[in-house]
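Chemist: To start, I am sharing the structure in question, which I have written as C-alpha cells.
Numbering (full-length UniProt numbering), first residue to last: 1 to 71.
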C-alpha cells in the first residue's frame, strides 16, 4: 500500500504532518487508523473505575479544534 510505504519512510511527527498536508490519501489513512485506536481506548476507559467513579471520555477533537489550539 502506498500510504504504508510513505509512512514507513517518515521518522518524526513533523515529517508525518508535512507529508500528510501534501497527500490527502495519507492524511485520510492516518486519520482512520488513529480513529480506530481512539475509539477502542475510549470504550476501554469507560469501563474503568476509581473509588466507584467511572472515567469520563470526551469527543475527539476536530481539525478546527486543533487549529484553534495552536493559534
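Heads up, the beta-carbon is just placed ideally off N, CA and C, and yes, glycines get one too.
1. Among all the DSSP beta bridges, which residues are the ones paired with residue 10?
2. If you compare alpha carbons, which of 52, 36, 50 and 47 is closest to residue 60?
3. Given this structure, state the Cα-to-Cα distance separating residue 44 from residue 51, to the nearest angstrom.
4. Rounding to the nearest angstrom, what Cα-Cα distance links residue 41 and residue 49 in this structure?
5. Excluding five sequence neighbours on each side, which residues of the same chain lie with their C-beta closer than 8 Å to the C-beta of residue 25?
Modeler: Concretely, from the data shown:
1. None; residue 10 has no bridge partner.
2. Of the candidates 52, 36, 50 and 47, the one whose C-alpha sits nearest the C-alpha of residue 60 is 36.
3. Spanning the two alpha carbons is a distance of roughly 17 Å.
4. Between residue 41 and residue 49, the alpha-carbon positions lie close to 14 Å from each other.
5. These residues qualify, in order along the chain: 2 and 3.
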